[in-house]
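A.B. asks: Number 55 in the working numbering belongs to position 53 of the sequence shown; there are no gaps in the numbering.
We treat Cβ as the ideally placed atom computed from N, Cα and C, and that holds for glycine.
The structure follows.
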Amino acid sequence: ADFGADAGARGVKRPASAPIAPEPKAQCIRSVWATDSAVPDPDPLTVYEIKAQAKLGAQTLRPRGSISMGKKTLGCVAADAHAKHCFEKMMENEMRMCGEWAVFYHSYNNAAVLYELQAAVASVLFRFKSSYATLPRLLRGNFPTIPDACTLESLLPTWPEQDHSPLFKSVAICATTSLLREDPEATPTRVFLGGYAASAPSVSLIEDLVKSCGVDARESKTLATKIQKACVDFNVGGAGRSGHILQIFMKRHLVDKYAYGSFPMGVPDPSRKPLSTHLNSPGPIVGQVRMVVHPSAFLRASRTRVYCYSADPTYHTKRKELQQALTDLLAPALGSDEARARAAKGIFGAELPAWYSTMDQRVVASAMPKKLVSSDWK
3 ADFGADAGAR GVKRPASAPI APEPKAQCIR SVWATDSAVP DPDPLTVYEI KAQAKLGAQT
63 LRPRGSISMG KKTLGCVAAD AHAKHCFEKM MENEMRMCGE WAVFYHSYNN AAVLYELQAA
123 VASVLFRFKS SYATLPRLLR GNFPTIPDAC TLESLLPTWP EQDHSPLFKS VAICATTSLL
183 REDPEATPTR VFLGGYAASA PSVSLIEDLV KSCGVDARES KTLATKIQKA CVDFNVGGAG
243 RSGHILQIFM KRHLVDKYAY GSFPMGVPDP SRKPLSTHLN SPGPIVGQVR MVVHPSAFLR
303 ASRTRVYCYS ADPTYHTKRK ELQQALTDLL APALGSDEAR ARAAKGIFGA ELPAWYSTMD
363 QRVVASAMPK KLVSSDWK
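Below you can see the structure in the form of structure tokens.
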């Protein structure tokens with residue numbers, strides 16, 4: 003017997019001895035984010051489906067035995083002790099989480115300052131675990147226009163710049179589905195040390211992000227300069243080691259809501275549609291995706307978990323200190339209940355929901371039990 007109505011798409015079968023549990027009813031629960039997609043979340047995977055995915059193993063290594071972490075595969079990473087350690091940790095994460103989570107890899111360099119800034123804002127406002135990762139999209143994101151992958155896929159052909167369009171860059175990122183296999187543009191093993199970027203963000207963009215938190219134009223210039231200096235002090239640029247990788251885990255049942263398989267420039271790849279079918283398969287799993295980094299998914303650990311790995315060892319080990327420095331600098335914008343409410347309202351896209359607290363969420367997070375210590379993933 004199949005697992006359920008969509009078992010064929012998920013590519014797994016129920017063991018003959020397994021009891022047939024009633025399928026849960028799909029629930030169309032409106033997100034608290036006014037800018038969220040109207041598309042309801044699909045049903046989560048069943049226990050049997052999760053076990054079947056775990057049996058298939060790490061996404062990058064599917065099918066089992068087809069690729070390894072040897073010197074030939076790792077290339078220049080193999081000769082660098084820190085880089086090799088980062089790749090080993092990323093693979094450990096894949097193996098630990100492959101049952102319930104699909105994984106994506108986003109490589110970058112120049113945008114690190116912007117990502118760090120948005121992570122700092124999110125840690126204060128939404129309890130985002132910024133010590134684990136940066137946040138590529140949040141402030142000034144045009145999520146009302148592009149709330150999901152289906153909308154992005156339909157709009158992208160109308161943009162002459164394709165995935166270089168400012169609208170794309172405000173809500174979405176490019177990523178690949180394998181840590182080790184060849185990618186047409188950004189194979190992780192090749193770009194990790196130096197990073198990958200289509201273009202460098204302007205200084206004015208940092209000022210704009212700060213202004214979106216409620217800082218006036220004059221003060222935003224001063225604050226943007228201080229933010230840049232703090233990032234230089236923590237070697238964010240890397241001095242020749244400017245590469246970073248975000249390892250993004252997303253619950254398997256949410257993949258098609260926020261991502262689609264693509265060729266370079268974001269052109270849809272019909273051979274991997276729906277993307278979840280490809281990612282749930284025995285493999286080999288390879289190819290690019292375009293992903294909408296919606297706050298409703300990326301600020302909730304029950305839906306998405308992200309880990310940051312940096313080629314520069316100093317920056318990699320001191321990111322937590324950098325995040326503290328950035329949140330201290332943001333005190334004029336986020337240092338009071340009123341300021342936090344104003345900034346959060348702009349991100350929510352509407353009135354604040356009843357459950358939202360204007361308390362500094364770092365204080366709340368510090369009182370919560372730690373489920374994963376840094377040594378487990380870093």
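1. Spatial neighbours of Thr319 within its chain, please: C-beta separation below 6 Å, excluding the five flanking residues on both sides.
2. Is the region 50-57 touching the region 100-107, taking contact as three or more C-beta pairs under 8 Å?
3. When you compare each of Ser172, Glu96, Ala81 and Val234 to Asp150 by their alpha carbons, which one comes out closest?
4. To the nearest angstrom, how far is it from the Cα of Asp362 to the Cα of Ile208?
5. Following the continuous beta strand (DSSP E) through Met71, name the residue where it begins and the one where it ends.
6. Can you pull the DSSP bridge partners for Thr306?
7. How should Pro26 be labelled, buried or exposed, when 16 other C-beta atoms within 10 angstroms of its C-beta is the threshold for buried?
8. Just the C-alpha distance for Glu187 and Asp330, rounded to the nearest angstrom, thanks.
9. Going by alpha carbons, who is nearest to Cys78 out of Pro42, Trp161, Arg192 and Lys131?
10. Buried or exposed, going by whether 16 or more other CB atoms sit within 10 Å of the CB of Asp235?
11. Within 10 Å of its beta-carbon, does Pro355 have 16 or more other beta-carbons around it, so buried, or fewer, so exposed?
12. Do you know whose CA, among Gln55, Thr136 and Ala261, lies nearest Ser156's CA?
13. Can you tell me the Cα-Cα spacing of Arg139 and Ala174, whole angstroms?
14. Closest to Pro46 by CA distance: which of Tyr107, Ile148 and Leu256 is it?
15. Excluding the five sequence neighbours on either side, which residues of its own chain have a C-beta within less than 7 Å of the C-beta of Ser214, listed in chain order?
C.D. replies: If we stick to the structure as given:
1. none
2. yes
3. Ser172
4. 22 Å
5. Unbroken run through Met71: none, as it is neither H nor E.
6. Met252
7. The predicted model places Pro26 with a pLDDT of 40, which falls under 50 and marks its position as unreliable, so this point remains unresolved.
8. 37 Å
9. Arg192
10. exposed
11. exposed
12. Ala261
13. 7 Å
14. Leu256
15. Leu141, Arg142 and Gly348
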